[in-house]
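Heads up, the sequence shown is in our numbering, so the first residue is 26 and it goes up one at a time.
A quick write-up on the structure given underneath.
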Amino acid sequence: MSPAPRATMTELVIPGGMGPVTGRLRVPGDKSISHRAVLLAALAEGRSELRRLSSGLDVGRTLAAIAACGALIESSTGETFTVTGGRSVLREPAAVIDVGNSGTAIRLLAGWSAAFPWLTVLQGDASIAERPMGRVAAPLRAMGARIDGRDDGRLAPLIIRGGGLSGIDYRLPVASAQVKAAVLLAGLAADGATTVREDVPTRAHTEEMLAACGADLEVGPGWVTVRRSVLSPFNLAIPADPSQAAFWVVAACVIPDSDLVVEDLYVGQARAGFIDVLRRMGADLSYEHRDERRQTADLRVRYRPLAATTVGGSEVPGLIDEIPVLAVAAARAEGVTTFADAAELRVKESDRVTSVVAALRAVGVNAEPRPDGLVVQGNGGAPLAGGKIDSWGDHRVAMAFAIAGLDAAGPTVVAGWESVATSYPGFEEDLRRCVS
Ligand code: S3P
Numbered sequence: 026m027s028p029a030p031r032a033t034m035t036e037l038v039i040p041g042g043m044g045p046v047t048g049r050l051r052v053p054g055d056k057s058i059s060h061r062a063v064l065l066a067a068l069a070e071g072r073s074e075l076r077r078l079s080s081g082l083d084v085g086r087t088l089a090a091i092a093a094c095g096a097l098i099e100s101s102t103g104e105t106f107t108v109t110g111g112r113s114v115l116r117e118p119a120a121v122i123d124v125g126n127s128g129t130a131i132r133l134l135a136g137w138s139a140a141f142p143w144l145t146v147l148q149g150d151a152s153i154a155e156r157p158m159g160r161v162a163a164p165l166r167a168m169g170a171r172i173d174g175r176d177d178g179r180l181a182p183l184i185i186r187g188g189g190l191s192g193i194d195y196r197l198p199v200a201s202a203q204v205k206a207a208v209l210l211a212g213l214a215a216d217g218a219t220t221v222r223e224d225v226p227t228r229a230h231t232e233e234m235l236a237a238c239g240a241d242l243e244v245g246p247g248w249v250t251v252r253r254s255v256l257s258p259f260n261l262a263i264p265a266d267p268s269q270a271a272f273w274v275v276a277a278c279v280i281p282d283s284d285l286v287v288e289d290l291y292v293g294q295a296r297a298g299f300i301d302v303l304r305r306m307g308a309d310l311s312y313e314h315r316d317e318r319r320q321t322a323d324l325r326v327r328y329r330p331l332a333a334t335t336v337g338g339s340e341v342p343g344l345i346d347e348i349p350v351l352a353v354a355a356a357r358a359e360g361v362t363t364f365a366d367a368a369e370l371r372v373k374e375s376d377r378v379t380s381v382v383a384a385l386r387a388v389g390v391n392a393e394p395r396p397d398g399l400v401v402q403g404n405g406g407a408p409l410a411g412g413k414i415d416s417w418g419d420h421r422v423a424m425a426f427a428i429a430g431l432d433a434a435g436p437t438v439v440a441g442w443e444s445v446a447t448s449y450p451g452f453e454e455d456l457r458r459c460v461s
């Protein structure tokens, strides 16, 4: 298998020999929280203010979707948005909604639009067309939405006729915060109670934010129940995205003399798992300025040699997006690191088992794919070789291997660099800011 050809491809060239990673950095607003903030602000009866919204194309797609449904969006700075929403302004979208590369946008919008007695058509790019959608179609159908799509609704485009929903009691068959969010968003307009149960905790942003805007919500260990609700507008300063910070955190862990602080990270449920794994590997990480209410902290990272570990079981949903860059950390550790129980890697923006193993091999690392993960042979801390890698159209693969290239012995060329704009358009600026 090789990466699909893409119309416009740009390359990032990293010369190698760079570092250390120092200073203070504030990465973009959290992408998961940003998608939810936009969708909830559109439902809320009045004007909400969202500060430090993720600047990536993915969240831009969710903003465009609610605008197509009548929500009024204003922005003065590009980072602060006001959204005026509610029943009196929302209407059926007159055109197909294109989510681009965003799995979060399509799955959350499926639940969001199922709540309305409208026809909504959701489509995306070539990667979205291959990603599983049956996981949202099944519960939304059980609630009464009519959903069609290729392969009987298992693949996008999705055609949704919503409205007239009834609550369900649903146990997630895959540990997916996107599915939990889709069902809860639909539940806001359903008759009766909608309960989502999860065996393994996934990110809790939907339930945390629904509570903050006054939804009729109950949360217990492993379950969330929502009932029909009118949401209040809200003001939110979105914390920085731990999944984006993870790139710089790993860079500072592996490049000698690094000393970096990443500011205002969300470190709540199922988002800080990569920090636990790096600590297990021996990394020198400490929290500063922890804010219990916002579930944020600054994180200080100082270089220290790493040792291999095993990543698997119930910790995986809490670090699934960080596995590409954790694989780079593993490549610089002493010993063999195994990532297991992570078959979900295969249905992300790329098949991340295949793309990450290919990229590791391209920069001289021994790595083996497994059906549910990968095995990485660490080199004991030496710089990697550099080489040419393909992002496979996947922002996280592109950024992980830009990090691998920073202090590499030779140049690293990341083809398909344009994918980074989906989540982190300022990555190169931040690179110049914190890497010497
Ligand atoms: C997300 C949940 C995760 C994650 C994705 C964002 C979310 O996906 O990989 O990048 O915002 O809910 P799954 O729900 O598929 O696990």
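C-beta atoms are modelled at their ideal positions from N, C-alpha and C, and glycine is treated no differently.
Counted as a single uninterrupted DSSP element, the beta strand (DSSP E) harbouring Ala181 occupies residues Leu180 to Arg186. In this structure, His314 places its C-beta atom within 8 angstroms of the C-beta atom of Asp323. Ser201 sits in coil when the DSSP states are folded into three classes, being neither helix nor strand. The alpha-carbon of Ala440 is positioned some 10 angstroms away from that of Phe426. Taking 7 angstroms as the cut-off, one finds at least one heavy atom of ligand 1 near enough to the beta carbon of His60. Per DSSP, Phe299 lies in no beta strand (DSSP E) segment; the continuous alpha helix (DSSP H) that holds it begins and ends at Gly298 to Arg305.
Exclusion of the five residues before and after Gly293 leaves Gln320 as the residues of its chain whose Cβ lies within less than 6 angstroms of its Cβ. The way I'd put it, the stretch 195-203 does touch the stretch 213-231; three or more beta-carbon pairs between them come closer than 8 angstroms. The straight-line gap separating the alpha-carbon atoms of Glu70 and Gly188 is approximately 19 angstroms. Looking at the DSSP output, Asn260 sits in a beta bridge with Glu74. Contact between Glu374 and Asp419 holds, with the beta-carbon distance rounding to 4 angstroms and staying under 8 angstroms. By the C-beta density criterion, Ser138 is buried, having at least 16 other C-beta atoms within 10 angstroms. Residues of the same chain with a CB within less than 7 angstroms of the CB of Ala387, apart from the 5 flanking positions on each side, are Gly412, Lys413 and Ile414 in chain order.
The stretch 66-80 and the stretch 260-275 touch, with three or more beta-carbon pairs separated by less than 8 angstroms.
The three-state reading of DSSP puts Val63 in helix, counting H, G and I together.
Looking from the CA of Ser113, the closest CA among Leu97, Glu340, Ala120 and Gly128 belongs to Leu97. Taking one beta carbon from each stretch, the stretch 273-292 and the stretch 236-250 have fewer than 3 pairs nearer than 8 angstroms; the two do not touch.
Distances from the CA of Arg156 to each of Asp376, Thr362, Val382 and Ala434 were compared; the closest alpha carbon is that of Asp376.
Burial check for Thr33: the Cβ neighbour count within 10 Å stays below 16, so the residue is exposed. Put simply, of Ala434, Glu233, Cys459 and Pro408 the residue whose alpha carbon is nearest the alpha carbon of Arg318 is Glu233. Going by DSSP, Ser79 is part of no beta strand (DSSP E) at all; its letter is neither H nor E.
Distance between Asp289 and Arg51, taken at the CA atoms: about 7 angstroms.
Secondary structure note for Leu324: its beta strand (DSSP E) is the uninterrupted segment Thr321 to Arg327. Under the DSSP assignment, Phe106 falls outside any alpha helix (DSSP H), being part of the beta strand (DSSP E) whose first and last residues are Phe106 to Gly110. For Asp309, DSSP records a beta bridge to Arg327.
If you draw a straight line from the Cα of Val46 to the Cα of Asn404, it is about 20 angstroms long. 8 angstroms or more divides the Cβ of Leu134 from the Cβ of Ala167.
Secondary structure note for Val400: its beta strand (DSSP E) is the uninterrupted segment Gly398 to Gln402.
Counting C-beta pairs closer than 8 angstroms gives fewer than three between the stretch 335-348 and the stretch 107-122, which falls short of the contact rule.
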